[in-house]
Amino acid sequence: MLEADLLPGRATRAGTRRFASRFPTLSGHFRTPDGLALSSIGLGTRPGEPNGADDLLYRAAVPRALECGLNVVDTAPSYRMQTSERALGASLRRLLAEGKVARDEVYVISKGGYLTPDPDRVRTSREARRYLIETYVESGLVDPEAVVGGNHSLDPAFLRDQIGRSRSNLGLATIDLYCVQDPELHLMAKGPDEFRRLLTRVLETLEEAVAEGTIAAYGLSTWHGLLLPHTERGHLSLAECLELALDVGGADHHLRAVQLPYSVAMGEAGGLPSQFGPEGRAPVLETLRDTGTAVFASVPLMRGRAVRGLPDFVRESFPDLATDAQCALQFVRSTPGVTTVLVGMRQLHHIDENAALAGHAPADEKVIRNLFELALR
């Protein structure tokens, strides 16, 4: 998509609060990190295949999610080989054109790090490999010696290219939050000193993108990096990342969010003292609490595994909820420090079921603490 055709605007405090004001009965549903009113449940777009059937499902899912009071949407080029971004963008642009939602009311997250082929141009694995070599290596965007795991790069030129591709896929001039995807892969492969130099260049690139208006803020999207004990090689120190952001961007740096896995089946973010906070070692959520940093919890249902055989003590902790999925999501969204739980949803009945949770106030902090105590017995 041409630059001139990209829709201008971004999520704003006024816009997101306007959106929230249309749902006055949803007590505790909207949280305000950085002054933005963000829904406690967000639409994830990772599940599915890169085909027309799932494209249609996601195009229908976006308006239903917004109607239910969900104004956070999460995507990436690596989700369904760029087709999730495209389906989300097409649906959102239609809603904007019809006046059903305003651009400043919706918070769009994307991310970059994985070399991803274009399904419109490849049909076989051989064609996909050829596409990646021609598009990224032979063009000079990616140094093949710097690629980790065969498909992951944090080269600044590559990230700039990926921001542009995501903007084109979405049809949006500005991405509200752009996350660096799984940076701990490079930490494990290269060691702390080289990784620190690489991350400095990455943050410089992202601060430049903010200044150019192509993204509004940036964050870290991790899997295990923030959860590993500090003695492990792949441990990602949040304090060091924030220190680098201060060095690069000053007091007004734009490292505003983290995305990490958190669920009833994977509770390390709330219970494992993996980070260093003001009072010593603490779980990452406790470390970030009251800092204004948005926290987006991913894979809260562990692709369905978290609700298979859900322990009775979890279900009994939320007696007013109708389904195991709602109980699992209530645990996540009620944990202090979590801004939004991102749920992969493309079926309308799943959106209806999970969004119904927004009508329930978050559980008391004591309930969450008690669940951790029960889990440790």
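Under our numbering, the sequence shown is numbered contiguously, ending at residue 379. For each residue, glycine too, the CB sits at the ideal point set by N, CA and C. The model shown is predicted, which means the values in this text are computed figures rather than measured ones.
Where does residue i land, buried or exposed, given buried means 16+ other C-beta within 10 angstroms?
i: Leu257; result: buried
i: Pro26; result: exposed
i: Pro52; result: buried
i: Leu2; result: Summary: the structure shown does not reach residue 2, with the chain confined to residues 3 through 379, and so no result is reported for it.
i: Pro364; result: buried
i: Ala241; result: exposed
i: Glu209; result: buried
i: Pro285; result: buried
i: His351; result: exposed
Rounded to whole angstroms, what is the Cα-Cα separation between residue i and residue j?
i: Leu68; j: Gly279; result: 36 angstroms
i: His362; j: Ile43; result: 12 angstroms
i: Ser41; j: Leu59; result: 21 angstroms
i: Arg33; j: Thr126; result: 44 angstroms
i: Thr47; j: Gln349; result: 11 angstroms
i: Val250; j: Val204; result: 10 angstroms
i: His232; j: Leu376; result: 26 angstroms
i: Ala159; j: Leu143; result: 5 angstroms
i: Leu94; j: Thr118; result: 23 angstroms
i: Arg19; j: Glu107; result: 8 angstroms
i: Thr224; j: Pro263; result: 8 angstroms
i: Arg128; j: Asp120; result: 13 angstroms
i: Asp122; j: Thr293; result: 43 angstroms
i: Pro194; j: Lys102; result: 48 angstroms
i: Gln183; j: Gln164; result: 11 angstroms
i: Gln277; j: Gly11; result: 36 angstroms
i: Gln84; j: Arg66; result: 22 angstroms
i: Asp366; j: Asp157; result: 43 angstroms
i: Val149; j: Ser141; result: 15 angstroms
i: Phe197; j: Glu214; result: 26 angstroms
i: Thr207; j: Tyr81; result: 23 angstroms
i: His31; j: Glu355; result: 15 angstroms
i: Thr137; j: Ser170; result: 16 angstroms
i: Leu222; j: Pro321; result: 35 angstroms
i: Ala175; j: Thr216; result: 6 angstroms
For residue i, list the residues DSSP reports as bridge partners.
i: Thr342; result: Phe298
i: Ser112; result: Tyr180
i: Pro263; result: Ser300
i: Ala284; result: Gln277
i: Asp366; result: The partner list for Asp366 (beta bridge, DSSP) is empty, contrary to what the question assumes.
i: Ser223; result: Gln183, Gln261
i: Ile217; result: Ile177
i: Glu33; result: Per the sequence shown, residue 33 should be read as Arg rather than Glu. The partner list for Arg33 (beta bridge, DSSP) reads Leu40.
i: Leu71; result: The sequence shown places Gly at residue 71, rather than the Leu named in the question. DSSP, once it has assigned bridges, lists no residue as partnering Gly71.
i: Gly46; result: Asp76, Gly346
If you run the structure through DSSP and keep just helix, strand and coil, what is residue i?
i: Asp7; result: helix
i: Arg123; result: coil
i: Asp322; result: coil
i: His154; result: strand
i: Phe25; result: coil
i: Asp292; result: coil
i: Leu248; result: helix
i: Gln328; result: helix
i: Thr14; result: coil
i: Ser239; result: coil
i: His256; result: coil
i: Ser170; result: helix
i: Pro52; result: coil
i: Thr233; result: coil
i: Met268; result: coil
Which whole-angstrom value describes the C-beta separation of residue i and residue j, a residue pair presumed to lie in contact below a C-beta threshold of 8 angstroms?
i: Val266; j: Val316; result: 6 angstroms
i: Leu373; j: Ser319; result: 6 angstroms
i: Val260; j: Thr295; result: 7 angstroms
i: Leu274; j: Leu229; result: 6 angstroms
i: Ala330; j: Val309; result: 5 angstroms
i: Val75; j: Val64; result: 7 angstroms
i: Tyr220; j: Leu179; result: 7 angstroms
i: Ser112; j: Glu87; result: 7 angstroms
State yes or no: is the C-beta of residue i nearer than 6 angstroms to some heavy atom of the ligand HEM?
i: Arg125; result: Ligands in the displayed structure: none, and consequently the ligand HEM is not present.
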